[in-house]
Structure formats: C-alpha cells, structure tokens
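Under my numbering, the first residue of the sequence shown is numbered 193, with each subsequent residue one higher. Positions of the beta carbon are idealized from the N, C-alpha and C atoms, including for glycine.
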Amino acid sequence: MFLSKGLTINDRGHLTIGGCDTVELAAAYGTPLYVMDEDSIREALREYVRSMNEHYPQGGRIAYASKACSFLEMYRIVNEEGCGADVASAGELYTALQAGFPADKLYFHGNNKPAGELCMALEAGVGRIVVDNLPELHRLSAVAKELGRTAEILLRVTPGIDAHTHSFIRTGQIDSKFGLTMENGDALEAVKEALVLEGIVIKGVHCHIGSQIFDADPFIHAAEVLLQFLAEIRRETGAALTEMNLGGGFGIAYTGGDKPRPYSEYMAMVSGALKKKAEELDFPLPFIVLEPGRSIAAPAGITLYTVGGVKEIPGVRTYVSVDGGMADNPRYALYQAEYTVVAAGRMNEPAVRNAAIAGRCCESGDMIQENVPLPAVDSGDLLAVLATGAYNYSMSSNYNRLPRPAVVMAKDGKSRVVVRGETYDDLIRNDI
Ligand code: LLP
193 MFLSKGLTIN DRGHLTIGGC DTVELAAAYG TPLYVMDEDS IREALREYVR
243 SMNEHYPQGG RIAYASKACS FLEMYRIVNE EGCGADVASA GELYTALQAG
293 FPADKLYFHG NNKPAGELCM ALEAGVGRIV VDNLPELHRL SAVAKELGRT
343 AEILLRVTPG IDAHTHSFIR TGQIDSKFGL TMENGDALEA VKEALVLEGI
393 VIKGVHCHIG SQIFDADPFI HAAEVLLQFL AEIRRETGAA LTEMNLGGGF
443 GIAYTGGDKP RPYSEYMAMV SGALKKKAEE LDFPLPFIVL EPGRSIAAPA
493 GITLYTVGGV KEIPGVRTYV SVDGGMADNP RYALYQAEYT VVAAGRMNEP
543 AVRNAAIAGR CCESGDMIQE NVPLPAVDSG DLLAVLATGA YNYSMSSNYN
593 RLPRPAVVMA KDGKSRVVVR GETYDDLIRN DI
C-alpha cells in the first residue's frame, strides 16, 4: 500500500501521522479535517537547502511557493528553516508579514498586480517584485517614484519550454498568460526599459515552467535558456544581471505509480548544466532561486473524512459519501487529479470493492476519487486522502456554505490546531 512519508500503521491497524492516531484525531477535532506532519514539511525544506548548498555553492535560495498552502504557521516554519517565500497576492503577502516573515526574503508574483498591491509590497520592503509584463513594469515605476522608493525586480520570461509534453515546443509557450516572451524579443525589450526606468533596479530573470513535473530535462533546459538570456542581455546592453529564479514544479507521489526523483538529483543536474553553460558563455554563475510549493506541502498533508453512507447500484458502481468534497479539495473536479484514499481505521483489512468517493456538495461532479479499492467500510468509518497538503486548503471554498475545515499540525505524537475550523458566524461575517 502506498503511504506518504511520515505516515505509518499502528498496532490497532489505524493510520498515524506525525505519531498521532488518525482515529483519535478525528474524534478530538471532528471531520473533515486537514492534518499536516510538521517534520515532513521541515525535512522537505531541509533537503532542498542541503542539496542547494551541496551542489550549488555559488549561492542560492529556496523560496517556498506559499500558494501551495498559506497560513501563519507555514510561514513561521519556512522562516525557521532559513528559506524565503513566494507570495502571489497581497493576501499571501499580508499573511507572511503577519507571521513575522522577513520581507526581504519574499518574492512577489502574479500576472496582474494592481497598483495598490505593488504599493503595499514596496512599503513592506519586499525583496523582489517579479514583474510579469510591460504595463505592470510602468505601473511599478510610477508607484515607486510616488513613494520615493526603489523596486528591485526580476522579469518573468517564458523560455519556450513545454514541460508537460516533454518536448521543447516553442509555440506552445508563446500561448501563455504569464510572462514576457523571449522568442519575439519582448523580454529583451522589457529588460532594456527596466534598465532605464526610474524607481526600478533589475536584478535578474524568472521563469516557472509548470507543475508536478517528474522529468529533469525541462528544468535543465530552462536553466540553460535563462543563462543564455543573461549573456544576451550583457551583450546587448552591457548589464550583467546576477540573479536567476527558476520557479517550482517538482513532482510528488500521489499514488504508488508516481516516481518522483530526489530533489538533490535535480539540483545536481541543474547545477552541472549551469556550470558548463557558464563556462561556454564566459558568464559568471548567477545566484539561483528555486520556488518549490507542492513538494514541500503536499506529501505532509492528509484529509480525514467520515463516511456518511454507502450506496450500491448493482451493475453500475458503489458510492461512498463523505462529509467533505470539492469545497475542501477541488482538485479531482478540476483536474481529475489522482489521490490515494485509505480506510484510516481499517488499514490492515483487505479491499473488498472499488468505490467512488463522493463529496457532499450539490453537484454530480463533486468527487474526491473514483475506483478506489476499499475494505468493507460503512457509515461512521474514517477515510484518509493522502498527499493533500498542497492546493487543497489553499484552493478551498465555501461552496454550499460549507465551513472550511480546521488544519491540525502533528509532530512527535502531539497535535495542535494551526488554523481554526470556520464557524457558521464566519460564513455570514461579511453579509449585510
Ligand atoms: N513559482 C511560481 C511562479 C508558480 O506559479 C508556482 C505554481 C510555483 C512556484 C510552485 O510550483 P509547485 O512547486 O507547487 O509545482 N493548482 C494547481 C497547481 C498550480 C501551480 C501554480 N503555480 C494544482 O492544484 O495542481
């Protein structure tokens, strides 16, 4: 049976996370419930930092992409591990700042940042603003001038790499809402503008080629293309930019069929390719930033649900209904994302049937997963969906006015609430 790191089965046949029995967690906090294993988050961050130090001693930073899972305690943990963070909105920025996150280690992203958010980022002293397009560059220059501040920026470029088809199809990437296109010269033109615009200091370039990628080649290729671009910028303008942010996208295991590489392998390969390319181009190795999100948060999290009922439609299929669904995990409804679902209180029992795990929202597409082999579960049994730590809580909604579940952090057999579950009063807080 596939289990993410940090999960075990105890002698009562129950699933455990961070040393806590999930059946006891469900009894103590109720369901649905998000649970995260603190050690697993910290170990993932440490492994990235370790491999960066080992393979790229020229210098770099790991900046956790907090869109994967954003709440105060996440930023505190990331900060304690010495990493930076990617924030993609003023809301994420605000949460990071409220957690005491050092602003100078924040990277502010987004393909359409309003002037008010740029202003907030500059006033907070955000380390780098990653500028997506020309209108935004002009907006930022105007805001910086008005505030009498300087914005240190990276320019987001699209290097023409389609990671998901595993081939480097150039036209594929031109069709992207993100970033400045390299192929048609837009990116170079934007660099030239950034070099002369008031209130702007350009430090380097950024790209993000996709998410849940297992193959190392697209990362290597992106790093090479970006370094080549830095060399081109020097040739064309005389400016030697020193930073390169390669984004995130490292794949994780949702099921036994997924075989992610250890992060150190990516680092070793990217670093090797960069060293070779830097020599070829006679360009100094830049400071590099990686922005992993999913690979930090996803494997650390599970979601616990209680079964409400089982509906067998002979010759068709069996539905197992749970007390959550697309409001707390929209990823199956959105992407048909694969997950491993287990009967958390019956881990040693053999599967007796395949079932569709149905959510409680008023729509047929509200599923958590289909064709899940399960033991003989019935009303009151506990299910756990694994690897839900990323893009679940952060993409949750109040559809059908379902309150968002609490988030509990588990470590060394102890648990604590890090995000309170919403109440009905929370649901009507802004209603007038
Ligand atoms: N940096 C930038 C600029 C990004 O846009 C992203 C993710 C990351 C870093 C982190 O990528 P990661 O390491 O998590 O793959 N909602 C989708 C994922 C969207 C990812 C968006 N950008 C999902 O649930 O699969």
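Rounded separation between residue i and residue j - CA only
i, j, result
"Asp168", "Gln404", "Absent from the model: residue 168. The displayed extent of the chain is 193 to 624, so no value can be given."
"Ile425", "Ala431", "7 Å"
"Gly364", "Cys399", "Low per-residue confidence applies at Gly364: pLDDT is 44, beneath 50, and the placement is therefore not dependable enough to give any value."
"Asn563", "Ile624", "44 Å"
"Ser556", "Ile620", "26 Å"
"Lys384", "Thr429", "7 Å"
"Thr208", "Ile201", "6 Å"
"Val611", "Ser513", "25 Å"
"Ala598", "Gly292", "22 Å"
"Met244", "Ile366", "30 Å"
"Ser258", "Ile233", "12 Å"
"Arg204", "Leu574", "14 Å"
"Arg427", "Thr350", "20 Å"
"Ser368", "Asn303", "10 Å"
"Asp324", "Leu310", "12 Å"
"Gly443", "Gly581", "14 Å"
"Pro327", "Ala295", "24 Å"
"Val227", "Val215", "12 Å"
"Glu530", "Ile560", "9 Å"
"Thr510", "Val609", "34 Å"
"Gly211", "Ala220", "15 Å"
"Ala382", "Gly402", "23 Å"
"Ser588", "Leu496", "15 Å"
"Asp515", "Thr498", "6 Å"
"Ala414", "Ala236", "23 Å"
"Ser586", "Glu472", "42 Å"
"Leu346", "Val569", "52 Å"
"Pro522", "Val241", "31 Å"
"Asn592", "Tyr524", "18 Å"
"Leu387", "Asn376", "19 Å"
"Glu504", "Ala547", "9 Å"
Residue i versus the options, residue with shortest Cα-Cα distance
i, options, result
"Ala288", "Ala307, Gly319, Asn303 and Asn304", "Gly319"
"Leu199", "Val499, Gly493 and Gly551", "Gly493"
"Cys553", "Met518, Glu385 and Pro567", "Met518"
"Gly613", "Lys468, Tyr240, Asp520 and Ala334", "Asp520"
"Tyr527", "Tyr583, Gln420 and Ala576", "Tyr583"
"Val577", "Tyr455, Pro249, Thr223 and Arg331", "Thr223"
"Gly440", "Asn590, Arg509 and Met459", "Met459"
"Asp474", "Gly371, Ala379, Glu530 and Phe421", "Phe421"
"Lys603", "Asp231, His206, Gly283 and Ala525", "Asp231"
"Asp409", "Ala550, Ile549 and Glu457", "Glu457"
Neighbourhood of residue i by C-beta distance below 8 Å, restricted to the same chain and skipping five residues each side
i, result
"Thr434", "Lys395, Gly396, Pro476, Pro478 and Phe479"
"Ile412", "Met461, Val462 and Ala465"
"Ala445", "Phe194, Ser196, Lys451, Pro452, Pro491 and Ala579"
"Glu416", "Ala465, Leu466 and Lys469"
6 Å CB neighbourhood of residue i in its chain, flanking five on each side removed
i, result
"Phe300", "Val279, Ala313, Val318 and Ile321"
"Leu482", "Ile254 and Leu438"
"Tyr256", "Val270, Cys275, Ala277 and Ile488"
"Asp617", "none"
"His247", "Met459, Ala460 and Ser463"
"Lys297", "Gly276 and Gly319"
"Glu265", "Val610"
"Ala218", "Leu496 and Leu574"
7 Å CB neighbourhood of residue i in its chain, flanking five on each side removed
i, result
"Pro567", "Ala535, Arg538, Glu541, Pro542, Ala543 and Val544"
"Ala336", "Leu314, Thr342, Ala343, Gly391 and Ile392"
"Ile361", "Annotation note: pLDDT 40 at Ile361 (below 50); position unreliable, no value reported."
"Ser359", "The pLDDT assigned to Ser359 is 47, lower than 50, so where the model puts this residue is not dependable, and the model offers no usable value."
Could you give the uninterrupted runs of the beta strand (DSSP E) lying entirely in the segment 277–306, keeping only those of 3 residues or more?
298–300
Alpha helix (DSSP H) segments (min. 4 residues) lying fully within the segment 219–288:
230–247 and 264–272
Ordered list of alpha helix (DSSP H) runs contained in the segment 324–408, each at least 4 residues:
Fully enclosed alpha helix (DSSP H) runs of 4 or longer: 326–339, 362–366 and 378–388.
May I have a chain-ordered list of the beta strand (DSSP E) segments no shorter than 3 residues that lie completely inside the segment 413–492?
435–437 and 479–482
Quick check on the DSSP output: what are the complete beta strand (DSSP E) runs of length 3 or more inside the segment 506–576, in order along the chain?
509–514, 533–535, 545–550 and 559–566
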